[in-house]
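A.B. asks: Heads up: the sequence lines are chains W, B, H and Z, in that order. Here full-length UniProt numbering is used: the first residue of the first sequence is 1, the next is one more, and so on. Here full-length UniProt numbering is used: the first residue of the second sequence is 1, the next is one more, and so on. Here full-length UniProt numbering is used: the first residue of the third sequence is 1, the next is one more, and so on. Here full-length UniProt numbering is used: the first residue of the fourth sequence is 1, the next is one more, and so on. Where is the CB? At the ideal position from N, CA and C, for every residue including glycine. Only a predicted model underlies this, so the values are computations on that prediction, with no experimental measurement involved. Please find one structure pasted underneath; my questions will follow.
There are 4 protein chains.
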Amino acid sequence: MKRQQILDAAYTVFSHKGYHRATVDEIIAMADTGKGTVYNYFASKEQLFYTLVKERSAKFETELNRLAGLDEVPLIKIKKVIKVFLEFYVANADLWRVLMHEMRGLGHEESTNFTAAQREKYRERFVHTIGVLETILQAGIEQGAIRPCDVHKAAHGLFSVIVMMVFQGFVDAQADSIEANANNIADIFLYGVVAR
Amino acid sequence: MKRQQILDAAYTVFSHKGYHRATVDEIIAMADTGKGTVYNYFASKEQLFYTLVKERSAKFETELNRLAGLDEVPLIKIKKVIKVFLEFYVANADLWRVLMHEMRGLGHEESTNFTAAQREKYRERFVHTIGVLETILQAGIEQGAIRPCDVHKAAHGLFSVIVMMVFQGFVDAQADSIEANANNIADIFLYGVVAR
Amino acid sequence: MKRQQILDAAYTVFSHKGYHRATVDEIIAMADTGKGTVYNYFASKEQLFYTLVKERSAKFETELNRLAGLDEVPLIKIKKVIKVFLEFYVANADLWRVLMHEMRGLGHEESTNFTAAQREKYRERFVHTIGVLETILQAGIEQGAIRPCDVHKAAHGLFSVIVMMVFQGFVDAQADSIEANANNIADIFLYGVVAR
Amino acid sequence: MKRQQILDAAYTVFSHKGYHRATVDEIIAMADTGKGTVYNYFASKEQLFYTLVKERSAKFETELNRLAGLDEVPLIKIKKVIKVFLEFYVANADLWRVLMHEMRGLGHEESTNFTAAQREKYRERFVHTIGVLETILQAGIEQGAIRPCDVHKAAHGLFSVIVMMVFQGFVDAQADSIEANANNIADIFLYGVVAR
DNA sequence: CATGAATGAGGATTCATTCAT
DNA sequence: AATGAATGAATCCTCATTCAT
Numbered sequence: 001m002k003r004q005q006i007l008d009a010a011y012t013v014f015s016h017k018g019y020h021r022a023t024v025d026e027i028i029a030m031a032d033t034g035k036g037t038v039y040n041y042f043a044s045k046e047q048l049f050y051t052l053v054k055e056r057s058a059k060f061e062t063e064l065n066r067l068a069g070l071d072e073v074p075l076i077k078i079k080k081v082i083k084v085f086l087e088f089y090v091a092n093a094d095l096w097r098v099l100m101h102e103m104r105g106l107g108h109e110e111s112t113n114f115t116a117a118q119r120e121k122y123r124e125r126f127v128h129t130i131g132v133l134e135t136i137l138q139a140g141i142e143q144g145a146i147r148p149c150d151v152h153k154a155a156h157g158l159f160s161v162i163v164m165m166v167f168q169g170f171v172d173a174q175a176d177s178i179e180a181n182a183n184n185i186a187d188i189f190l191y192g193v194v195a196r
Numbered sequence: 001m002k003r004q005q006i007l008d009a010a011y012t013v014f015s016h017k018g019y020h021r022a023t024v025d026e027i028i029a030m031a032d033t034g035k036g037t038v039y040n041y042f043a044s045k046e047q048l049f050y051t052l053v054k055e056r057s058a059k060f061e062t063e064l065n066r067l068a069g070l071d072e073v074p075l076i077k078i079k080k081v082i083k084v085f086l087e088f089y090v091a092n093a094d095l096w097r098v099l100m101h102e103m104r105g106l107g108h109e110e111s112t113n114f115t116a117a118q119r120e121k122y123r124e125r126f127v128h129t130i131g132v133l134e135t136i137l138q139a140g141i142e143q144g145a146i147r148p149c150d151v152h153k154a155a156h157g158l159f160s161v162i163v164m165m166v167f168q169g170f171v172d173a174q175a176d177s178i179e180a181n182a183n184n185i186a187d188i189f190l191y192g193v194v195a196r
Numbered sequence: 001m002k003r004q005q006i007l008d009a010a011y012t013v014f015s016h017k018g019y020h021r022a023t024v025d026e027i028i029a030m031a032d033t034g035k036g037t038v039y040n041y042f043a044s045k046e047q048l049f050y051t052l053v054k055e056r057s058a059k060f061e062t063e064l065n066r067l068a069g070l071d072e073v074p075l076i077k078i079k080k081v082i083k084v085f086l087e088f089y090v091a092n093a094d095l096w097r098v099l100m101h102e103m104r105g106l107g108h109e110e111s112t113n114f115t116a117a118q119r120e121k122y123r124e125r126f127v128h129t130i131g132v133l134e135t136i137l138q139a140g141i142e143q144g145a146i147r148p149c150d151v152h153k154a155a156h157g158l159f160s161v162i163v164m165m166v167f168q169g170f171v172d173a174q175a176d177s178i179e180a181n182a183n184n185i186a187d188i189f190l191y192g193v194v195a196r
Numbered sequence: 001m002k003r004q005q006i007l008d009a010a011y012t013v014f015s016h017k018g019y020h021r022a023t024v025d026e027i028i029a030m031a032d033t034g035k036g037t038v039y040n041y042f043a044s045k046e047q048l049f050y051t052l053v054k055e056r057s058a059k060f061e062t063e064l065n066r067l068a069g070l071d072e073v074p075l076i077k078i079k080k081v082i083k084v085f086l087e088f089y090v091a092n093a094d095l096w097r098v099l100m101h102e103m104r105g106l107g108h109e110e111s112t113n114f115t116a117a118q119r120e121k122y123r124e125r126f127v128h129t130i131g132v133l134e135t136i137l138q139a140g141i142e143q144g145a146i147r148p149c150d151v152h153k154a155a156h157g158l159f160s161v162i163v164m165m166v167f168q169g170f171v172d173a174q175a176d177s178i179e180a181n182a183n184n185i186a187d188i189f190l191y192g193v194v195a196r
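So, in C-alpha cells, the structure goes:
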C-alpha cells in the first residue's frame with residue numbers, strides 16, 4: 001500500500017519536476033510516508049524511476065503486442081496502432097518526457113544520471129516499441145499497400161510525430177480527441193500533404 | 001576573448017553533460033579561465049546557457065527568414081527549408097537536445113531550472129521557427145499546391161520528424177547525407193507512404 | 001535457539017566489519033531470523049555486542065583464574081599464562097580487535113558508541129585480566145625469581161606483545177604454533193635480547 | 001590558513017571521536033569555516049584524515065631515518081630510537097589510536113571505511129617504521145651485541161610495547177617522563193625481567 | 001578585468017529502533 | 001515468541017554564487 005502511494009507520488013513529482021529536480025523529500029511528503037520507507041521498496045531514486053516506467057508501460061506493451069499480432073489490413077492496422085500510441089502517451093506524457101530526456105545520452109556516457117545498464121534497459125523498450133511500427137510497415141510493403149521505403153526511418157518519423165502531438169498538447173485525453181488526431185496523423189502519414 | 005573561450009567550453013560541456021550535470025568548474029577548466037570571470041560576463045549559469053543558444057541560432061534564424069521571404073514554388077521551398085533545418089540541427093544536435101529538455105515544461109512552472117521569463121524567450125524562438133514552416137505551408141495551400149489541413153499541427157509534425165532524424169543519428173554532417181535525408185523526409189511528408 | 005543463532009551471526013559480522021559497519025540487517029540475514037527477534041533478546045546493538053564479548057570470554061577468564069591460583073614456579077607459570085592468552089586471542093582475534101577499538105576512549109567520553117557504563121564494564125574485564133599477570137609477576141618478585149620492577153607497566157607490556165603477535169598474524173591456531181610463540185615471547189620477556 | 005585551521009580542527013575531532021563518529025559538521029564548526037571549504041582542500045573526509053596523518057608523521061619519519069643512519073653502538077641506538085618513538089606517539093596518541101583501528105583490516109577488505117589503496121599507503125608507513133627497528137636489531141645481532149632471534153617479531157613486540165605504554169597513559173609529555181619510560185622499556189627489552 | 005578562496009543551502013542515502021500483528 | 005514494515009535522525013558531499021584582492 002505504501003509502495004503504491006510512493007509510486008503515485010513519484011509519478012507526480014517526476015512528471016512535474018523532471019528526474020533531477022525531483023527530490024525524495026518531496027515524494028515522501030506527497031506520499032505521506034517516511035524517507036526510509038522509500039528505500040525499503042526501491043534501492044535508489046533511479047530504481048524508483050525505473051520501476052515507475054516499467055509498471056506504467058506494461059499494459060501498453062501488452063496491448064501493442066496483441067495488436068501487432070492481429071490479422072488485419074495494413075492501413076487499418078496503422079490507424080489502430082497510432083491510436084494505441086496516442087492513448088498511452090496522452091496518459092503518460094509528462095513522465096515520458098522526462099524519460100526521453102534521461103535517455104538522450106545515446107552516445108555520451110556522461111549525459112544522464114542513469115547507469116549504463118539502466119539506460120540500456122530503457123533503450124530496449126523503445127527499440128521494441130518502434131520495432132512494432134517497423135514490422136507493420138514492412139508487412140504493408142510486402143502486401144503492396146505501402147510503397148517501398150526505409151521502414152526504420154519511417155517508423156521513427158511516425159513515432160516522433162505521435163509523441164510531438166502529445167507533448168505539444170495537441171491531443172487531450174478525450175476519446176474523440178484521440179480518435180480525431182489519430183486519423184489526422186494517419187492521413188498525412190499515409191497520403192502526404194500534397195494536393196491532388 | 002575570454003568570453004568566447006567560455007562560450008566554446010560551455011558549448012562542449014552543456015552538450016555532453018546536459019544543463020544540470022554541467023558544472024561551472026568543468027567549464028572554466030576547459031576554458032582555461034577563472035571562476036569569477038564567468039560571472040563577469042554572464043549573470044548566471046542559466047544566462048550563460050541562454051546566450052549560447054542565442055548566438056548559435058542567430059545565423060540559422062537569419063537564413064530561415066531569408067528563405068521564407070523568397071518567391072519560390074511551395075514544394076521546392078519546403079524541400080529547401082527542410083535542408084536548412086537539417087543543417088542547423090545536425091551542427092547543434094547535442095546542445096538543442098539539452099535545450100529542448102529544459103524547455104519541456106511548457107505547462108508546468110516548476111519543471112525546469114529556468115525562470116519563467118527565460119523560458120518564455122526560448123519558447124518564442126521555437127514558435128517563430130515553426131511559424132516559418134506554417135507560413136510556407138499556408139502559402140502552399142493558398143496556391144493550391146497543398147491540400148487544406150491544420151497547418152499548425154502539420155508544421156509541428158514536420159518539425160518533429162526533422163529533429164528526430166537528427167537526434168536519432170540518422171543524419172550525419174556530410175552535405176550529401178543532409179541532401180538525401182531532406183529529400184526523404186520531404187518525399188514522405190508530401191506524398192505519404194501509401195503505394196499508388 | 002534463535003538467541004544463539006543471532007550471537008553466532010553477530011560474531012561473524014562484528015568480526016569482519018567492526019562495530020560501526022556491522023548492520024543489524026546483515027546479522028539477521030546471516031542468523032536467518034527477523035529484525036524484531038534481535039530486539040526481543042537484546043536491548044540494542046550495543047547490548048548484543050556486549051553479551052557476545054561476555055559469553056566468549058567467560059571460559060577464558062575461568063581458566064585464567066584457575067591458573068593464577070595454582071601453586072607453581074613463577075617462571076613456569078608465566079609461560080603457561082602466556083599460552084592461555086595466546087589460545088584465547090588467536091581464537092577471538094577479530095572480535096577483540098573490534099572491542100579494543102571501541103574501548104580506546106579510555107579518557108574521552110565521546111570517543112565510542114558505547115555508553116560510559118558499558119565501557120566501564122569492559123574496562124573492568126581488562127583490568128582484571130591484566131591484573132592476573134601483575135599478580136603473577138609480583139609473586140615472582142617476592143620469591144626472588146623476578147627482579148623488582150614496575151609490575152603494572154611490565155604486565156601491560158607483556159599483554160601488548162601477546163596481543164600484537166596475534167593481531168599481526170604471527171600466531172596461527174595450530175597448537176604447536178601457539179606453543180612455539182609462547183616460548184618465544186616468554187624467552188625475550190624473561191631474558192631480554194642482549195647477548196651474554 | 002583555512003587549510004591549517006581545518007587540519008587542526010580535524011585533528012581534535014578525529015582524535016576524540018574516531019574516524020566514523022567524527023562529522024564534517026563538527027570539524028567545520030571548530031575550524032570556523034564553511035562546509036564547502038573543507039572540500040576545496042580535501043577531496044573527502046577520508047582524504048582529510050590521510051593528509052592529517054601524513055603531515056603529522058613527516059617530521060617523525062625524517063628523524064627516524066636520520067637516527068637509523070647514525071654510526072652508533074647498537075644498545076645506545078635502541079634506547080635513542082625508543083625515545084624518538086615515545087616522543088612521537090605521546091604527541092599524537094589519540095590520532096594514531098584511530099589510525100590503527102582503521103588499519104586493522106589487514107585481512108578483511110570490508111572492515112574499515114578506507115579504500116584498499118589508501119590502506120596500502122598507511123600500511124607502507126608502518127612497515128617502514130617498524131623496518132627501522134628491525135634494521136637496528138639486525139645490526140646489533142651482526143655485531144654480537146644482540147643474541148640471534150626473529151628480528152621481525154622482536155621489532156613488532158618492541159613497537160607494541162612502546163605504543164601500549166603511550167595508549168595506556170603511562171607516559172606523559174614531560175621530557176623526563178619520556179626519558180624515564182624509554183629507559184624502562186629498553187631495560188626490560190634488553191635484559192628481561194628475570195633476576196640474576 | 002581576472003581571479004579563486006570561501007560559502008552553505010540542498011539532496012541522496014543509511015540504519016538502529018519501534019510496534020502492530 | 002517471532003516478525004518485518006515503517007520510520008526519521010544523521011551524515012557526506014555537490015556546486016552555483018559571491019567578493020576581496
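Only counting the same chain, and skipping five residues up and downstream in sequence, which positions put a Cβ closer than 7 Å to that of B:R97?
C.D. replies: One-based indexing of the second sequence puts residue 97 of chain B at position 97. The answer, listed in chain order, is F167.
A.B. asks: Would you list the one or two residues that DSSP bridges to H:V53?
C.D. replies: Residue mapping note: residue 53 of chain H aligns to position 53 of the third sequence, counting from 1. None, per the DSSP bridge assignment.
A.B. asks: Go through the segment 136-183 of chain B residue by residue and report every complete run of the alpha helix (DSSP H) that reaches 4 residues or more, in order.
C.D. replies: Fully enclosed alpha helix (DSSP H) runs of 4 or longer: 151-167.
A.B. asks: Kindly identify the DSSP beta-bridge partner or partners of B:V194.
C.D. replies: Indexing the second sequence from 1 puts residue 194 of chain B at position 194. Its beta-bridge partners are W:I146.
A.B. asks: In whole angstroms, what is the alpha-carbon distance linking W:L106 and W:T115?
C.D. replies: Counting from one through the first sequence, the residue named residue 106 of chain W turns up at place 106. Counting from one through the first sequence, the residue named residue 115 of chain W turns up at place 115. Note on W:L106: pLDDT 41, under 50, position unreliable in the model; no value is reported.
A.B. asks: Roughly how many angstroms separate the alpha carbons of H:I185 and W:K35, rounded to a whole number?
C.D. replies: Translated into positions along the third sequence, residue 185 of chain H becomes position 185. Translated into positions along the first sequence, residue 35 of chain W becomes position 35. Between H:I185 and W:K35, the C-alpha separation is close to 55 Å.
A.B. asks: Report the neighbours of W:L190 on chain B: residues whose CB is nearer than 7 Å to its CB, in chain order.
C.D. replies: As a working mapping, residue 190 of chain W is identified with position 190 in the first sequence. Correct list: G192, V193, V194.
A.B. asks: In whole angstroms, what is the alpha-carbon distance linking Z:V24 and W:R3?
C.D. replies: Looking up residue 24 of chain Z in the fourth sequence gives position 24. Looking up residue 3 of chain W in the first sequence gives position 3. Roughly 34 Å between the two C-alpha positions.
A.B. asks: What is the C-beta distance between B:M164 and W:S160, in whole angstroms, given that I count them as a contact (C-beta under 8 Å)?
C.D. replies: For this step, residue 164 of chain B is matched to residue 164 along the second sequence. For this step, residue 160 of chain W is matched to residue 160 along the first sequence. Confirmed, Cβ separation roughly 3 Å.
A.B. asks: According to the neighbour-count rule (16 or more other Cβ atoms, all chains shown, within 10 Å of its Cβ), is W:E102 buried or exposed?
C.D. replies: Residue mapping note: residue 102 of chain W aligns to position 102 of the first sequence, counting from 1. Under this definition W:E102 is a buried residue.
A.B. asks: Select from Z:D172, Z:K121, Z:R66, Z:F60 the residue whose C-alpha is nearest the C-alpha of Z:F85.
C.D. replies: Within the fourth sequence, numbered from 1, the residue matching residue 85 of chain Z stands at position 85. Measuring from the Cα of Z:F85, the nearest candidate turns out to be Z:F60.
A.B. asks: By the criterion of Cβ-Cβ separation under 9 Å, what are the contact partners of Z:R147 in chain H?
C.D. replies: Numbered from 1 along the fourth sequence, position 147 holds the residue referred to as residue 147 of chain Z. What Z:R147 touches in chain H: Y191, G192, V193, V194, A195, R196.
A.B. asks: Would DSSP call H:V73 helix, strand or coil?
C.D. replies: Here residue 73 of chain H is taken as the residue at index 73 of the third sequence, counted from 1. DSSP places H:V73 in coil when its eight states are reduced to three.
A.B. asks: With contact counted as at least three CB pairs below 8 Å, one residue from each stretch, are the segment 66-86 of chain W and the segment 38-50 of chain W in contact?
C.D. replies: No, because fewer than three Cβ pairs between the segment 66-86 of chain W and the segment 38-50 of chain W fall closer than 8 Å, the two stretches do not touch.
A.B. asks: So, is W:S15 buried or exposed, given that buried needs 16 or more other C-beta atoms within 10 angstroms?
C.D. replies: In the first sequence, the residue the question calls residue 15 of chain W occupies position 15. Buried is the call here.
A.B. asks: Give the straight-line distance between the Cα atoms of B:A154 and W:L190, rounded to the nearest whole angstrom.
C.D. replies: Start at 1 with the first residue of the second sequence, and residue 154 of chain B comes out as number 154. Start at 1 with the first residue of the first sequence, and residue 190 of chain W comes out as number 190. Each residue's alpha carbon lies about 13 Å from the other.
A.B. asks: Alpha carbon to alpha carbon, how far is Z:A43 from Z:Y89? Give it in angstroms, no decimals.
C.D. replies: As a working note, residue 89 of chain Z is residue 89 in the fourth sequence. As a working note, residue 43 of chain Z is residue 43 in the fourth sequence. Their Cα atoms are separated by approximately 27 Å.
A.B. asks: Among Z:L158, Z:Q174, Z:V193, Z:C149, which residue has its Cα nearest to the Cα of H:S195?
C.D. replies: Taking the third sequence and counting its residues from 1, one reaches residue 195 of chain H at position 195. The amino acid at residue 195 of chain H is misidentified as Ser; the sequence shows Ala. Among Z:L158, Z:Q174, Z:V193, Z:C149, the Cα nearest to that of H:A195 is on Z:C149.
A.B. asks: Rounded to a whole number of angstroms, what is the C-alpha to C-alpha distance between W:H20 and B:R21?
C.D. replies: The residue you call residue 20 of chain W lines up with position 20 of the first sequence. The residue you call residue 21 of chain B lines up with position 21 of the second sequence. Approximately 9 Å, taken between the alpha carbons.
A.B. asks: Hey, does Z:V38 have any beta-carbon neighbour from chain H nearer than 8 Å?
C.D. replies: Counting from 1 along the fourth sequence, the entry for residue 38 of chain Z is found at position 38. No, Z:V38 does not count as interfacial toward chain H.
A.B. asks: Does any residue of chain H bring its CB to less than 8 Å from the CB of Z:K77?
C.D. replies: Reading the fourth sequence from its first residue, position 77 is the one you call residue 77 of chain Z. Closer than 8 Å: no.
A.B. asks: Quick one: give me the first and last residue of the alpha helix (DSSP H) that Z:F14 is part of.
C.D. replies: If you number the fourth sequence from 1, residue 14 of chain Z lands on position 14. Element bounds for Z:F14: 2-21.
A.B. asks: Could you check the C-alpha separation between W:N183 and B:V151 for me, to the nearest Å?
C.D. replies: In the first sequence, residue 183 of chain W corresponds to position 183, counting from 1. In the second sequence, residue 151 of chain B corresponds to position 151, counting from 1. Cα to Cα, W:N183 sits roughly 15 Å from B:V151.
A.B. asks: Determine, for H:K153, whether the minimum Cβ-Cβ distance to residues of chain Z falls below 8 Å.
C.D. replies: By one-based count along the third sequence, residue 153 of chain H stands at place 153. So, interface residue.
A.B. asks: Is it true that the CB of H:V193 sits closer than 8 Å to the CB of Z:R147?
C.D. replies: Walking along the fourth sequence from the start, residue 147 of chain Z turns up at place 147. Walking along the third sequence from the start, residue 193 of chain H turns up at place 193. Yes, these two residues count as a Cβ contact at 8 Å.
A.B. asks: Using a Cβ-Cβ cutoff of less than 6 Å, which residues in the same chain neighbour B:G18 once the five nearest sequence positions on both sides are dropped?
C.D. replies: The sequence position of residue 18 of chain B within the second sequence is 18, counting from 1. Excluding residues within five positions, the ones whose Cβ falls inside 6 Å are V98.
A.B. asks: Mind checking if Z:G131 is an interface residue toward chain H, Cβ cutoff 8 Å exclusive?
C.D. replies: For this step, residue 131 of chain Z is matched to residue 131 along the fourth sequence. False, the Cβ-Cβ gap to chain H never drops below 8 Å.
A.B. asks: When the cut-off is 8 Å and only beta carbons count, does W:V53 lie next to chain B?
C.D. replies: The residue given as residue 53 of chain W occupies position 53 in the first sequence. No, W:V53 lies away from the interface with chain B (no Cβ there is under 8 Å from its Cβ).
A.B. asks: Just to confirm before moving on: does the CB-CB distance between B:T130 and B:H156 stay below 8 Å?
C.D. replies: As a first step, residue 130 of chain B must be located in the second sequence, where it is residue number 130. As a first step, residue 156 of chain B must be located in the second sequence, where it is residue number 156. It is Ile, not Thr, that sits at residue 130 of chain B in the sequence shown. For B:I130 and B:H156, yes; Cβs fall inside 8 Å.
A.B. asks: Hey, could you find the ends of the alpha helix (DSSP H) B:T37 is sitting in?
C.D. replies: On the second sequence, residue 37 of chain B is found 37 positions in, with the first residue counted as 1. It spans 35-41 - the alpha helix (DSSP H) in which B:T37 sits, taken as one unbroken run.
A.B. asks: Please decide whether H:F170 counts as near chain Z, where near means a Cβ-Cβ distance under 8 Å.
C.D. replies: Counted from its first residue, the third sequence places residue 170 of chain H at position 170. H:F170 counts as touching chain Z.
A.B. asks: Output the distance between the C-alpha atoms of B:H108 and W:A117, rounded to the nearest integer angstrom.
C.D. replies: Looking up residue 108 of chain B in the second sequence gives position 108. Looking up residue 117 of chain W in the first sequence gives position 117. Confidence at B:H108 is low in this model, with a pLDDT of 49, below 50, so its placement is unreliable and no value can be given for it.
A.B. asks: Using the Cα positions of H:T62 and H:E72, report the straight-line distance between them to the nearest angstrom.
C.D. replies: Within the third sequence, the letter at position 62 stands for residue 62 of chain H. Within the third sequence, the letter at position 72 stands for residue 72 of chain H. Using only the alpha carbons, I get a separation of about 18 Å.
A.B. asks: Who are the near neighbours of H:T33 in its chain, counting only those whose CB is closer than 7 Å to its CB and skipping five residues on each side?
C.D. replies: Taking the first residue of the third sequence as position 1, residue 33 of chain H is located at position 33. Taken in chain order, the residues that qualify are K2, Q5, I6.
A.B. asks: Applying a beta-carbon distance threshold of less than 8 Å, which residues of chain W neighbour B:G34?
C.D. replies: Along the second sequence, one-based indexing puts residue 34 of chain B at 34. Per Cβ cutoff of 8 Å: no residues; B:G34 is ~24 Å from chain W at best.
A.B. asks: Report the three-state DSSP secondary structure of W:T62 (helix, strand or coil).
C.D. replies: Residue 62 of chain W sits at position 62 when you count from the first residue of the first sequence. Of the three classes helix, strand and coil, the one that applies to W:T62 here is helix, per DSSP.
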